[in-house]
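Trainee: Numbering (the numbering used here), first residue to last: 377 to 542.
Where a beta carbon is used, it is the ideal one built from N, C-alpha and C, also for glycine.
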Amino acid sequence: MRAASLIPHLTTKELEQAYRQAERPVERSRWQILWLKSKGKSIPEMIEATGFSITTISTLIRTYNAEGVTAVSDKRQFNKSKPALNAEQQEALVQALQSPPESGGLWTSKKVQHYIQEHFDIEVTEPCAWGYFSRLGFTLQVPRPTHVQAASPEEQEHFVKKSKRR
Numbered sequence: 377m378r379a380a381s382l383i384p385h386l387t388t389k390e391l392e393q394a395y396r397q398a399e400r401p402v403e404r405s406r407w408q409i410l411w412l413k414s415k416g417k418s419i420p421e422m423i424e425a426t427g428f429s430i431t432t433i434s435t436l437i438r439t440y441n442a443e444g445v446t447a448v449s450d451k452r453q454f455n456k457s458k459p460a461l462n463a464e465q466q467e468a469l470v471q472a473l474q475s476p477p478e479s480g481g482l483w484t485s486k487k488v489q490h491y492i493q494e495h496f497d498i499e500v501t502e503p504c505a506w507g508y509f510s511r512l513g514f515t516l517q518v519p520r521p522t523h524v525q526a527a528s529p530e531e532q533e534h535f536v537k538k539s540k541r542r
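Structure follows, in structure tokens:
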């Protein structure tokens, strides 16, 4: 295994300070790996200290050498899209969900998806529609199942009359 070298974009002290001040867990782990490498630790020692794989550590070091400090940031935090429905549309959806769907039965993600498509002309996936359903405070309402061999209402009444104590 070839030893990975670290281009000193930051000093060991600066890497330690960045590690200790990082607020996001992903970034903190990345700073720790870089700090340990700048202190002269080998990859097997870093694997033991951090629990990350050799591939993860090698990739991070290679990316840090190429890009510098920007390689450490957790880019997932910037991967947020704006909601498909605005506030007025969400309020209209809340009002619609409080009554049974036009097709009858109970609201499902497919029915919420169709409602959004028909009334707002917005294409959403079923998981997105279900996300709106649950995010707006609604829960799945399903009647309790009855056993296939359950007694009929007449049989239940007969059982209650027969079992009453006198």
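Check T522 in the structure and name its three-state DSSP category.
Mentor: Three-state result, T522: coil.
Trainee: Check for me: the alpha helix (DSSP H) holding P384 runs from which residue to which?
Mentor: It is not in any alpha helix (DSSP H) - P384 carries neither H nor E in the DSSP assignment.
Trainee: If K415 and T387 are in contact, beta carbons under 8 Å, what's the gap, nearest whole angstrom?
Mentor: In fact, because the Cβ distance is near 11 Å, the residues do not count as touching under 8 Å.
Trainee: Do I437 and L391 come within 8 Å of each other at the CB atom, strictly closer than that value?
Mentor: Not in contact: L391 and I437 (Cβ atoms no closer than 8 Å).
Trainee: Would the stretch 399-415 and the stretch 435-455 be scored as touching if the rule is three or more Cβ pairs under 8 Å?
Mentor: Contact between the stretch 399-415 and the stretch 435-455 is present, because at least three Cβ pairs lie under 8 Å.
Trainee: Measuring CB to CB, does F496 end up less than 8 Å from L461?
Mentor: Cβ distance < 8 Å, so F496 and L461 count as in contact.
Trainee: Would DSSP call K486 helix, strand or coil?
Mentor: Reduced to three states, the DSSP call for K486 is helix.
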